[in-house]
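Residue numbers (UniProt numbering): 1 to 140. What follows is one structure encoded as structure tokens, with my remarks underneath.
This is the structure we're talking about:
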């Protein structure tokens, strides 16, 4: 997966209904390149479908977690770019303090969650992580 693929994935995550023309304009490549990259991502099983966003709290049996990430030196932008390509990453935040990046992860099973954590931990530039799984939500 290259930078173009990651940009396409990030844009599709924001709006899975984006046209190939819209994606090509935003990524600054030809329509044919975007179409070929999407087809390749689908063939490789990286894109497994297209979905919608549902109002938070409506979905049941979803695993939500927050991963705090420490980044080596000045590699934050590179790590962020890699994380944007991870389908289970719902939001990304840069932070100060002990951790450099806060990643919200959403998935449907502990088995998938374990695979996601493994993929993220192998990203070059990540020095350490700490993950917390949402157990319940309480209104103030």
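We put the CB at the ideal spot given by N, CA and C, even for glycine.
Contact under 8 angstroms by Cβ, residue i with residue j
| i | j | result |
| --- | --- | --- |
| residue 23 | residue 8 | yes |
| residue 118 | residue 1 | no |
| residue 89 | residue 126 | no |
| residue 83 | residue 120 | yes |
| residue 79 | residue 52 | no |
Anticipated Cβ contact below 8 angstroms, residue i with residue j, distance rounded
| i | j | result |
| --- | --- | --- |
| residue 81 | residue 13 | Contact flag wrong, Cβ pair sits at about 14 angstroms. |
| residue 63 | residue 94 | Actually they are not in contact, since the Cβ atoms of residue 63 and residue 94 sit about 24 angstroms apart, beyond 8 angstroms. |
| residue 123 | residue 105 | About 13 angstroms; that fails the 8 angstroms criterion. |
Beta-bridge partners of residue i, as assigned by DSSP
| i | result |
| --- | --- |
| residue 103 | 67, 92 |
Cβ-heavy atom distance, residue i to the ligand MN, below 7 angstroms
| i | result |
| --- | --- |
| residue 39 | This structure simply doesn't include the ligand MN, nor any ligand for that matter. |
Among the options, nearest to residue i - alpha-carbon criterion
| i | options | result |
| --- | --- | --- |
| residue 25 | 4, 40, 108 | 4 |
Where residue i falls, given that 16 or more other Cβ within 10 Å makes a residue buried
| i | result |
| --- | --- |
| residue 114 | exposed |
| residue 37 | buried |
Any C-beta of chain C under 8 angstroms from that of residue i
| i | result |
| --- | --- |
| residue 103 | Looking for chain C here will not work: only one protein chain is present. |
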